[in-house]
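J.: Chain order of the listed sequences is A and B.
What the first sequence shows, in the numbering used here, is residues 9 to 157, in sequence order.
What the second sequence shows, in the numbering used here, is residues 9 to 157, in sequence order.
No residue lacks a Cβ here, since even glycine has one placed at the ideal position from N, Cα and C.
Note that the structure is a prediction, hence the values are computed from the model and not measured.
Number of protein chains: 2
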Amino acid sequence: MRARDLASSEYPTVGMETSVMAAARLLAGENLPGLVVLDDQRRPVTVLPGTQVLRLAVPRYCQDDPALARVVDEPHADALLRGLADRTVRQALPEQPRELPIVAPDALVLEVAALMARARSPLVAVVDDAGVLTGVITLDALLDRMLAS
Amino acid sequence: MRARDLASSEYPTVGMETSVMAAARLLAGENLPGLVVLDDQRRPVTVLPGTQVLRLAVPRYCQDDPALARVVDEPHADALLRGLADRTVRQALPEQPRELPIVAPDALVLEVAALMARARSPLVAVVDDAGVLTGVITLDALLDRMLAS
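#1: With H, G and I counted as helix, E and B as strand and the rest as coil, what does DSSP make of Ala15 (chain B)?
#2: Report the CB separation of Thr142 (chain A) from Val134 (chain A) in whole angstroms; it is logged as a contact under 8 Å.
#3: Apply the 10 Å Cβ neighbour rule to Pro52 (chain A) and answer buried if 16 or more other Cβ atoms are within range, or exposed otherwise.
#4: Between Ser129 (chain B) and chain A, is the shortest Cβ-Cβ distance under 9 Å, so that the two count as touching?
#5: In chain order, what residues of the same chain lie with their CB nearer than 7 Å to the CB of Leu35 (chain B), ignoring the 5 residues before and after it?
#6: According to DSSP, is Leu118 (chain B) part of a helix, a strand, or is it coil?
#7: Which same chain residues, not among the five before or five after Gly139 (chain B), have their C-beta less than 6 Å away from its C-beta?
#8: Does any residue of chain A bring its CB to less than 9 Å from the CB of Glu190 (chain B)?
#9: Express the C-alpha separation of Asp48 (chain B) and Val97 (chain A) in angstroms, rounding to a whole number.
#10: Tell me whether Tyr69 (chain A) is buried or exposed, calling it buried when 16 or more other Cβ atoms sit within 10 Å of its Cβ.
#11: Pro172 (chain B): which of A:Met154, A:Thr146, A:Arg153 sits nearest, CA to CA?
#12: Using a Cβ cut-off of 7 Å, pull out every chain A residue sitting near Leu155 (chain B), in sequence order please.
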């Protein structure tokens with residue numbers, strides 16, 4: 009059992025110029041655990057767990073101090089969200105890049121599991137020698153396979 | 009729109025004496041984003057994102073250095089997993105507790121979103137004044153509601 013056997017080649021991806029709103033809608037609409045962001049050559053730039061996609065949409069001052077979120081009234085919160093429609097993933101990504109959870113197609117199941125646990129990522133991207141995406145492994149697919157044995 | 013309006017009272021929970029294997033099976037079988045661990049009084053002890061449930065099942069030495077996972081052969085990996093059937097959530101939890109993502113029933117949507125983003129938790133537990141669980145808010149339910157406005 010290798011990474012290539014666990015990966016789906018149908019998993020939806022987004023680009024750096026995708027709007028944050030479109031990314032959030034994809035995540036919610038397809039009930040995805042996270043998103044893989046690709047560059048123009050279809051190489052993963054970053055893999056965002058769902059909570060980190062949410063982070064792109066929540067104002068920084070509310071993240072740092074949730075108490076502040078309490079004093080933002082609801083109409084204001086709606087306006088903040090609407091304002092994100094024109095913001096791209098590139099503009100919203102944190103400056104400090106996350107560890108990129110990628111594996112080669114021949115990685116073992118335990119290796120994939122260890123990477124997911126350490127990187128706290130419910131998604132791992134499988135890439136070829138050129139770094140191009142060949143498939144995506146979800147936590148759910150991995151657990152199903154681990155528990156079936 | 010308040011936390012109580014976003015929460016599900018049907019979300020499955022586990023106890024401290026639940027086996028790690030049962031917890032992993034619940035997560036995978038119901039396709040859950042994570043698990044809420046309750047004490048005997050149904051107060052949340054911890055909220056585990058899916059990746060952290062996986063962490064309970066992956067040997068520590070593999071998490072710290074995924075390269076080591078490469079040298080564990082597959083039959084050995086299967087044996088490691090089977091050995092977890094008798095281990096409880098209590099025994100597997102990290103000593104350093106995570107921030108507990110809980111809110112009061114009247115918390116606002118933006119407050120819940122900020123907490124999820126900061127705690128990196130796709131689940132937030134809603135608790136009453138006594139700290140007893142009244143419902144669980146998933147990232148998916150939150151995004152659906154935020155994007156519907």
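T.: With the given structure in hand:
#1: Looking up residue 15 (chain B) in the second sequence gives position 7. Here Ala15 (chain B) sits in coil by DSSP.
#2: If you number the first sequence from 1, residue 142 (chain A) lands on position 134. If you number the first sequence from 1, residue 134 (chain A) lands on position 126. Thr142 (chain A) to Val134 (chain A), Cβ: 5 Å. Contact.
#3: Working through the first sequence from its first residue, we reach residue 52 (chain A) at position 44. Pro52 (chain A) should be labelled buried.
#4: Residue numbering aside, residue 129 (chain B) sits at position 121 when the second sequence is read from its first letter. At least one chain A Cβ lies under 9 Å of Ser129 (chain B).
#5: Working through the second sequence from its first residue, we reach residue 35 (chain B) at position 27. Once the five neighbours on either side are set aside, the close Cβ partners of Leu35 (chain B) are Leu43, Gly58, Val61.
#6: By 1-based counting over the second sequence, the position of residue 118 (chain B) is 110. Leu118 (chain B) falls in the helix class under three-state DSSP.
#7: Residue mapping note: residue 139 (chain B) aligns to position 131 of the second sequence, counting from 1. Around Gly139 (chain B): Arg51.
#8: Because residue 190 (chain B) is not part of the residues shown, which for chain B are 9 to 157, the question remains open.
#9: Locating residue 97 (chain A) in the first sequence gives position 89, where the first residue counts as 1. Locating residue 48 (chain B) in the second sequence gives position 40, where the first residue counts as 1. The alpha-carbon atoms of Val97 (chain A) and Asp48 (chain B) are separated by roughly 43 Å.
#10: Here residue 69 (chain A) is taken as the residue at index 61 of the first sequence, counted from 1. When all chains shown are included, Tyr69 (chain A) counts as exposed.
#11: For chain B, the structure presents residues 9 to 157; residue 172 (chain B) sits outside this window and is missing.
#12: The residue labelled residue 155 (chain B) in the question sits at position 147 within the second sequence. Here the neighbours are Ala32, Arg33, Ala36.
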